[in-house]
Every structure is written in structure tokens, then in C-alpha cells.
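K.L.:
Quick one: the structure is below, questions incoming.
Number of protein chains: 2
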Amino acid sequence: MTLYGLDNLPYGVFSVDGGRRRIGVRVHDDVLDLDAAEAAGLIDARGALRTPTLNAHMAQGRAAWSAVRARVRELARAGDGTLVPLADCELHLPFQVADYVDFYSSAWHASNVGKILRPNQPDIPENWWHLPIGYHGRAGTVTVSGTPIVRPWGQRRGDGGPAFGPSTRLDIEAEVGFVVGTPTRLGTRVPVSGLADHVFGVVLVNDWSARDIQAWEYVPLGPFCGKSFATSVAPWVVPLEALAHAWTPAPAQDPPVLDYLRADEHLGLDLSLAVEWNGTRVSRPPFAGMYWTPAQQLAHLTVNGASLCTGDLFASGTVSGPQREEVGSFLELTAAGPVRLADGSLRTFLEDGDTVSITATAPGPDGTTIGFGEVTGTVVKTA
Amino acid sequence: MTLYGLDNLPYGVFSVDGGRRRIGVRVHDDVLDLDAAEAAGLIDARGALRTPTLNAHMAQGRAAWSAVRARVRELARAGDGTLVPLADCELHLPFQVADYVDFYSSAWHASNVGKILRPNQPDIPENWWHLPIGYHGRAGTVTVSGTPIVRPWGQRRGDGGPAFGPSTRLDIEAEVGFVVGTPTRLGTRVPVSGLADHVFGVVLVNDWSARDIQAWEYVPLGPFCGKSFATSVAPWVVPLEALAHAWTPAPAQDPPVLDYLRADEHLGLDLSLAVEWNGTRVSRPPFAGMYWTPAQQLAHLTVNGASLCTGDLFASGTVSGPQREEVGSFLELTAAGPVRLADGSLRTFLEDGDTVSITATAPGPDGTTIGFGEVTGTVVKTA
Numbered sequence: 001m002t003l004y005g006l007d008n009l010p011y012g013v014f015s016v017d018g019g020r021r022r023i024g025v026r027v028h029d030d031v032l033d034l035d036a037a038e039a040a041g042l043i044d045a046r047g048a049l050r051t052p053t054l055n056a057h058m059a060q061g062r063a064a065w066s067a068v069r070a071r072v073r074e075l076a077r078a079g080d081g082t083l084v085p086l087a088d089c090e091l092h093l094p095f096q097v098a099d100y101v102d103f104y105s106s107a108w109h110a111s112n113v114g115k116i117l118r119p120n121q122p123d124i125p126e127n128w129w130h131l132p133i134g135y136h137g138r139a140g141t142v143t144v145s146g147t148p149i150v151r152p153w154g155q156r157r158g159d160g161g162p163a164f165g166p167s168t169r170l171d172i173e174a175e176v177g178f179v180v181g182t183p184t185r186l187g188t189r190v191p192v193s194g195l196a197d198h199v200f201g202v203v204l205v206n207d208w209s210a211r212d213i214q215a216w217e218y219v220p221l222g223p224f225c226g227k228s229f230a231t232s233v234a235p236w237v238v239p240l241e242a243l244a245h246a247w248t249p250a251p252a253q254d255p256p257v258l259d260y261l262r263a264d265e266h267l268g269l270d271l272s273l274a275v276e277w278n279g280t281r282v283s284r285p286p287f288a289g290m291y292w293t294p295a296q297q298l299a300h301l302t303v304n305g306a307s308l309c310t311g312d313l314f315a316s317g318t319v320s321g322p323q324r325e326e327v328g329s330f331l332e333l334t335a336a337g338p339v340r341l342a343d344g345s346l347r348t349f350l351e352d353g354d355t356v357s358i359t360a361t362a363p364g365p366d367g368t369t370i371g372f373g374e375v376t377g378t379v380v381k382t383a
Numbered sequence: 001m002t003l004y005g006l007d008n009l010p011y012g013v014f015s016v017d018g019g020r021r022r023i024g025v026r027v028h029d030d031v032l033d034l035d036a037a038e039a040a041g042l043i044d045a046r047g048a049l050r051t052p053t054l055n056a057h058m059a060q061g062r063a064a065w066s067a068v069r070a071r072v073r074e075l076a077r078a079g080d081g082t083l084v085p086l087a088d089c090e091l092h093l094p095f096q097v098a099d100y101v102d103f104y105s106s107a108w109h110a111s112n113v114g115k116i117l118r119p120n121q122p123d124i125p126e127n128w129w130h131l132p133i134g135y136h137g138r139a140g141t142v143t144v145s146g147t148p149i150v151r152p153w154g155q156r157r158g159d160g161g162p163a164f165g166p167s168t169r170l171d172i173e174a175e176v177g178f179v180v181g182t183p184t185r186l187g188t189r190v191p192v193s194g195l196a197d198h199v200f201g202v203v204l205v206n207d208w209s210a211r212d213i214q215a216w217e218y219v220p221l222g223p224f225c226g227k228s229f230a231t232s233v234a235p236w237v238v239p240l241e242a243l244a245h246a247w248t249p250a251p252a253q254d255p256p257v258l259d260y261l262r263a264d265e266h267l268g269l270d271l272s273l274a275v276e277w278n279g280t281r282v283s284r285p286p287f288a289g290m291y292w293t294p295a296q297q298l299a300h301l302t303v304n305g306a307s308l309c310t311g312d313l314f315a316s317g318t319v320s321g322p323q324r325e326e327v328g329s330f331l332e333l334t335a336a337g338p339v340r341l342a343d344g345s346l347r348t349f350l351e352d353g354d355t356v357s358i359t360a361t362a363p364g365p366d367g368t369t370i371g372f373g374e375v376t377g378t379v380v381k382t383a
């Protein structure tokens, strides 16, 4: 099964031997050097492809994305341009993150977490069914896949006051992120039909979470140090255009949503995620079952007139399905007890040296499959 | 009383007649053009003063800040360089905001708000006394003083489900912001003694807040659309070095704080804020009484290894004192009933056309006074 054929062509930023960062597109197991292609006159994006991040091209808007993608496809099909073996590439954060927003859009996840963290309250608060709950995360600690995850220290609830030390409940959140290209002016809204005009592409996200720190700090203003130490993204941004065959009806919404969240076509994306813990596949979270869609998230994010910047990243929130083997966090996976990995070891939360890798696929045209690369990270002890 | 004499010298970014953005320093009612000064060889900051934001100079670190400031003072004293009348200048956002963090560090404010929003719970949650509660806000909607504040639309609690429309409880939060210059590496911490090594300067902040939207959305992940539509900052960044005489013992902390928050000198800044509503002074919030200090906020923000970027802004949270005429939000000011403005009108929350201006002063050396400019904004109806 080819995941990176001509129907995918995800964008990234690479370098070779410590050289300059360049924009490239993955074609099978090679990277097509778009910096070199634009320098050689094989493609014209007014210089936007000769920069060290995707931001300049993302800011050019939907028509330019489409035109560049079409030309990249021609080059890839013809074998024109410079192909660099992926194995020779160092991959970097593909875009400069402006604001990072994290949603909370899986009803299964919200219900599971509510039961664990707020056992004496309704598992899903009333407002959750009316709006895609979200909050701002730390943009400056969004890093590319492979960056070591330094176990965070912080406060947690202790006996008679807080305890302090390395997090004892370090967790993941398997998510799908949407990268904004086209900005907006302050005071304007993006309608629920506006997703494809503003979102350049899709990237896998692991929103590392320290549950002990988060549980102590999050009332009343939400997660902070329990999240802000690291968020990893895959090195490949899959163009939204490549996902034309992945749209699928999203779950019906009851109670009915307000008009600004009501789409003519209420669609989610049929991505199948996979989570591996030290090489053992522990979960297959289904993205198609998310209650709130990316189009609704974007409409809600801007309903108050908040402007968008090129490089804004908004993530879905943990992708969890109804089954234990479909959850996107270890808090949920191990709520009923530890899991056994292939090496025989038992795990509840992450130990130093543990590696988590998240991958995903989506249907492409004509029975093909679109791959999203991998977001991986290994936990290291605080120095 | 001079507020902008040689002991202050705050930094800003200005343009004249739609021209290029230039870095300048306010000297009384003029702006000393540092772009021109560096171009003319009067000052040397390796070109950092010839850029359209303060970020490049802020990234140069404490020794460079001190050297440039000393040289600026010589120029201002000697009358060297180009002075542009302030009245001829358009003032811009002085720095590009990286991440924006908002704290919640006034015990009076936390108590007042807790009583209003959570009447059936303890007004201040247990964790509040152990850590400076904070959350990430939207960096992309931080704008310079004078930018119109478009009244946000959104969801609020209604009868049998959410209501939707323009916010009916639009409010301010008078705050003091700290602007990070020197960045850090991911996985490292800033000690509580590290403030002056990392913070370039101080800026007034108005964190506009839609209380009806916020009250409905904020459980469980904190404020989002109720805040993200606009945050205004004053056009002048007062160098931390200019505030050497403004440090004052901060309130004693009981229960005792954890070691990472314990300073040899537990100091706050003696800023006196003033809030005017349509020209009527309605409050004088005292910054010296804040429970958590900026040094503690910075230590907490990085205790988990979160990196700092040049341009990070962290704000104090609403500055409120114990008296009604010392509160930094209208939610608190009008909790017991509307206020009457000088024109005879009554107000509870902001109406379209209302203007709010926040100013502040701090003690300088030898009986002088340091001014912080003004952060002002006028509410306009959604188009």
C-alpha cells in the first residue's frame, strides 16, 4: 500500500547534512526539493517556496495552493526536479506556529475524562453539547516529531498541600491538527462553510499531558503547565485538497446547534489513527466519529471576531472512539488497569525512555490511501 | 510632574504620515527616532534598532538593553538625534507577540470574581494559594492602544439552552504585562531570581472580557471566546531597568510557597493604575498588593521546562485592591449596582461608543515619576 503517492504530496521542511532548511514534498520515500525547483524555474510561487517554513506559501491562499500542488504533481509524475532520499533528510517543524488552539471534540473522550476527573458531576458539562469547547495552548512549545519529551516537573495534589516533582502521570493525546493559511481581519468571522478557504492542511498532533499537574491546576482557568511543556506535530502537512475523498457524514448533533455552527453538509474526515507504545499498537482511534467538525471549530473560534494568522494551528482534541482499543489517551486506556506491551511490561502512564508514535491514514481517490507520516517522541528524564 | 523624563525612556514603534515603522523612545512629548540614530551612527545595536518591532533588540539580552539604554539617555540628555513630536506620530504594536499568558494574581480580584461566578463554592480555590494560576490567551489578537474594540458575538447561557448575539456583559481587565526578551531552551527553567535576565520591560494591558460568553464556555477548559476577541496594550514598553526604584515588598504569602517560588527578596512593583470610563475616573487599582509577583509567575510558567520566546507577553491578571474604588474590572465595580459617570449616565457593563483608558505611574529615582502611557479603546458595534 503506497501512502505517499501522487494523490497525497504532503509538504514539509527538510535539510541535509546541517544545511539550509528547504521546503519539500514527500513522494514515496523521497523528498522533492521545491526550493531547488523554484530556483530552477520549474515552479513559480513568487519565491514563497524558497523560504525556510511553509508560512509564506500558506499565506498565498487557496488558488495558489491549488496551482502549486498541480504543478508539483506534474513534476513528480514526470520525475522532474531534485529528489532527495527521505533517509538523508532531517525534518523540521514545517511551519511557524502563530496561535495554537486545542479543542475537545470527541464525546467519548469528554465522557471518559469527565468520569475520571469529575466523578461527582455530570461527565459532560451542559455547554459541551452546544459549542466546541477549546482553549489556547502554548505555540512556542510546538515541536516537530522526534524532539525528545523532557518529563515536566510541577505541582500536584498531595496530602495537606501540593507535592512537587517530576510528573507521575505523563500521558499523550492523539489528535488531528488543522493549519491555517489564509488570515482574516480582526472583527470578522469565518462561516462554517469557510474551512477550505482558510485551512491549508492537516497534521498529526500529540498533545503531551501531565495529568497530575493538570488535575491540580486546571480550576478555574483551564490547563496550563500540565500541557505547555510540549506538543509534537508530524513533519508532514497533508494538503486539505488531498483529502477530498476522506469527507464523511459527521455524527448527528442533538440538541440542534446554533445557526453559526450549522453546515449544509455536516462532514468529518475519515482518518484512522494508530497509537504505538514502545512498538506495541495499543489503540486505533477513529477520527470520523468526532462530534464537532473542523469546520465548526473554525467557525466557533472566529465567531467573536478573533482574527486568524497564517500559521495558526487548531487541533481536534483527543480522538477517542467508544471502545477501549479506540481511545487517544493513556488516561482512558488504563482507567480500568494497566496495559501489557509486547515486551511483557505493564504500563499505566509513560515511563522514562518510553516512545509513543502516532500514525494515520485516510481514503484517497480510486482506492488509494493517504498517509500522514508519524508523530513520535521519547520521554527523557529532566536533566 | 514629568512622566517621560530621562529616568523613564520607554520604547515604542512609530510612523509618520504612513511611512515606515521605526523604533523610538519617548522623551517628554517627543519621540527620539532610534532608527535614524542607528543609521546615523549615533548608536550601535548591530542593526536591531533599524527593524519594525522591538523583538530584535529584545533578543539581544540584558547587557545590550542596558548599553543601548545608557546611550539613548546620553543622546536625549544632549539633545542629539531626531526628535519627532509625539502628536505627529502614529503608534503601533511595539513588539510581535509570541505567546500571551494571562495570570490571575490578585487575591482581591480572585475573591470578588469567585463570589460572583461561583457563589456556591469557596470564592478562592485551594490551589490558588499554592501557584500563580494562569492560562494562555490569543497572541494574534493583542493590538495596540486605540484599536477599536468590536463587540464580540457569542453564546451565553439562556433559558433552556444557549442564547446567541452580541455580548451583553462586555468588560475590561486592567492589567500589567511583562515582555520577554531573552529566550530559553525547551526543557530548562527560569529561577525565581531570573526575572531581570529575561524580561525586557513592562506594558499596560487591557484584557477585554465578555463575561456572558466567558461564564457559559469556561468549564472545564477555561476562558476562550470570552477573551480572545481583543487584548489591548499601551504603545510604550517601560524598560525593567527604569523601575529600579519601584520595587516594594510583596504581601506575605501564607501558606508558604514551594521552593521554586521562594525568592530571597519577595518583591512586587509599586505601580498605581487609574481607570477612566468615558473620561470619569472610576478606579485606582494598586499593583503593589498583588499576591503573586512577576518573578514567581515567570518561574511557574517555566517550571515544567516550557521554553520562552522573544516577544512572549505575560500579564498579571486583573489588578484589584480591597476597596471598590480599587478594582480592575467592571464586573467587580458594579457588582453592588451601576456606577454614575460624570455625564450623569449609569453604567454596569460597556455600551457601544464607550471608551476606557488605563494609565499608571511608578516611583522613579529622586522623587521623579515614571509614566506608562495609556491603553485606550472604544467599543464599536459589530459590523
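Keeping their order, the protein sequence lines are chains A and B.
According to UniProt numbering, the first sequence holds residues 1 to 383 in order.
According to UniProt numbering, the second sequence holds residues 1 to 383 in order.
Virtual Cβ for every residue (Gly too), placed ideally from N, Cα, C.
Since the structure is predicted, the reported quantities are computational estimates derived from the model, not experimental observations.
Can you have a look at P148/B and say buried or exposed, based on whether 16 or more other CB atoms are within 10 angstroms of its CB?
P.N.:
So P148/B ends up on the exposed side.
K.L.:
Relative to the C-alpha of E336/A, which candidate in R324/A, G344/A, D343/A, A342/A has its C-alpha closest?
P.N.:
One detail in the question is off: residue 336/A reads as Ala in this sequence, not Glu. It is R324/A whose Cα lies nearest to the Cα of A336/A.
K.L.:
Would you list, in sequence order, the uninterrupted beta strand (DSSP E) runs of no fewer than 3 residues that lie entirely inside the segment 285–342 of chain A?
P.N.:
Counting whole runs of 3 or more residues, the segment 285–342 of chain A contains the beta strand (DSSP E) stretches 313–315.
K.L.:
Can you tell me where the beta strand (DSSP E) with Q155/B in it begins and where it stops?
P.N.:
Taken as a continuous stretch (DSSP letters only), the beta strand (DSSP E) holding Q155/B covers 153–158.
K.L.:
Apply the 10 Å Cβ neighbour rule to L346/A and answer buried if 16 or more other Cβ atoms are within range, or exposed otherwise.
P.N.:
Label assigned to L346/A: exposed.
K.L.:
Name the chain A residues that come within less than 8 Å of A98/B, Cβ to Cβ?
P.N.:
Ordered by position in chain A, the residues that pass the 8 Å Cβ test against A98/B are A139, G140.
K.L.:
Have a look at V219/B and A40/B and give me their C-alpha separation to the nearest angstrom.
P.N.:
Rounded to whole angstroms, V219/B to A40/B spans 55 Å at the Cα level.
K.L.:
Given 8 Å as the limit, is there contact between the segment 11–23 of chain B and the segment 31–51 of chain B, that is, 3 or more CB pairs closer than that?
P.N.:
Taking 8 Å as the limit for Cβ pairs, the verdict is that the segment 31–51 of chain B does touch the segment 11–23 of chain B.
K.L.:
I want to verify the contact list: residues of chain A whose CB lies under 9 Å from the CB of A306/B, in sequence order.
P.N.:
Within chain A, the residues near A306/B are R138, G140, T141, P152, C225, S228, F229, A230.
K.L.:
Using only the alpha-carbon positions, how far apart do V303/A and L261/A sit?
P.N.:
Going from the Cα of V303/A to the Cα of L261/A covers about 10 Å.
K.L.:
When you compare only the Cα positions, how much space is there between L42/B and R151/B?
P.N.:
Each residue's Cα considered, the two are about 45 Å apart.
K.L.:
Among P249/B, D254/B, E265/B, which residue has its Cα nearest to the Cα of A288/B?
P.N.:
Nearest C-alpha to A288/B: P249/B.
K.L.:
According to the neighbour-count rule (16 or more other Cβ atoms, all chains shown, within 10 Å of its Cβ), is E126/B buried or exposed?
P.N.:
Result: exposed.
K.L.:
Judging by CA-CA distance, which residue of P162/A, E241/A, D264/A is the nearest neighbour of E217/A?
P.N.:
Ranking P162/A, E241/A, D264/A by Cα distance to E217/A puts P162/A first.
K.L.:
So with Cβ pairs under 9 Å, would you call G187/B a contact of chain A?
P.N.:
Cβ-Cβ to chain A under 9 Å: yes for G187/B.
K.L.:
Counting only runs of 3+ residues fully inside the segment 189–233 of chain B, write out the beta strand (DSSP E) ranges in chain order.
P.N.:
You should have 199–206, 231–233.
K.L.:
Using a beta-carbon distance below 9 Å, is Q155/A in contact with chain B?
P.N.:
So, interface residue.
K.L.:
Consult DSSP for P257/A and reduce its assignment to one of helix, strand or coil.
P.N.:
Residue identity check: residue 257/A is Val in the sequence provided, not Pro. In this structure, V257/A counts as coil in the three-state DSSP scheme.
K.L.:
Run the CB neighbour count on G344/B, radius 10 Å, all protein chains shown included, and call it buried at 16 or more, exposed below.
P.N.:
Exposed, by the Cβ-count rule.
K.L.:
Closest by CA to V379/B, which one among A246/B, T168/B, F14/B?
P.N.:
V379/B has its Cα closest to that of T168/B, out of A246/B, T168/B, F14/B.
K.L.:
Taking its Cβ as the centre, do 16 or more other Cβ atoms sit within 10 Å of P122/B, making it buried, or is it exposed?
P.N.:
It is exposed - the Cβ of P122/B has fewer than 16 other Cβ atoms within 10 Å.
K.L.:
In its own chain, which residues sit with a C-beta less than 6 Å from the C-beta of N206/A, not counting the 5 before and 5 after it?
P.N.:
These residues qualify, in order along the chain: I172, S232, I358, V375.
K.L.:
For the beta strand (DSSP E) containing V142/A, list its first residue and its last residue.
P.N.:
Segment 142–144, the beta strand (DSSP E) holding V142/A.
K.L.:
Quick check: the Cα distance between V72/A and K227/B, rounded to an integer number of angstroms?
P.N.:
Distance between the alpha carbons of V72/A and K227/B is about 41 Å.
K.L.:
Chain E beta carbons: is any one of them nearer than 9 Å to that of N127/B?
P.N.:
Protein chains A and B are contained in the structure displayed, whereas chain E is not.
K.L.:
Is it the case that the Cβ atoms of S145/A and L186/A are separated by a distance below 9 Å?
P.N.:
For S145/A and L186/A, no; Cβs fall outside 9 Å.
K.L.:
Give the single residue among G321/B, S320/B, N278/B whose Cα lies nearest to the Cα of E351/B.
P.N.:
Checked all of G321/B, S320/B, N278/B; the closest Cα to E351/B is N278/B.
K.L.:
Just how far apart, CA to CA, sit D197/B and T310/A?
P.N.:
Rounded to whole angstroms, D197/B to T310/A spans 31 Å at the Cα level.
K.L.:
Going by other Cβ atoms of all chains shown within 10 Å of its Cβ, with 16 needed for buried, is E175/A buried or exposed?
P.N.:
With 16 or more other Cβ atoms within 10 Å, it is buried.
K.L.:
Less than 9 Å between the beta carbons of P365/A and H266/A, yes or no?
P.N.:
No, they are not a contact pair.
K.L.:
Under three-state DSSP, which class holds G165/B?
P.N.:
Looking at G165/B - three-state DSSP - the assignment turns out to be strand.
K.L.:
At the 9 Å Cβ level, is T382/A part of the contact set with chain B, yes or no?
P.N.:
Yes, contact with chain B.
K.L.:
Check whether the Cβ of W216/B lies closer than 9 Å to any Cβ atom in chain A.
P.N.:
Closer than 9 Å to some Cβ of chain A, the Cβ of W216/B qualifies, so yes.
K.L.:
DSSP on D171/A, reduced to helix/strand/coil?
P.N.:
DSSP places D171/A in strand when its eight states are reduced to three.
K.L.:
The beta strand (DSSP E) spanning residue 386/B covers which residue range?
P.N.:
Nothing in the structure corresponds to residue 386/B, since chain B is present only between 1 and 383.
K.L.:
Using a cut-off of 9 Å between C-beta atoms, extract the partners of P303/A located in chain B.
P.N.:
Reading off the sequence, residue 303/A comes out as Val, not Pro. By Cβ distance, chain B contributes P152, W153, G154, Q155, F164, C225.
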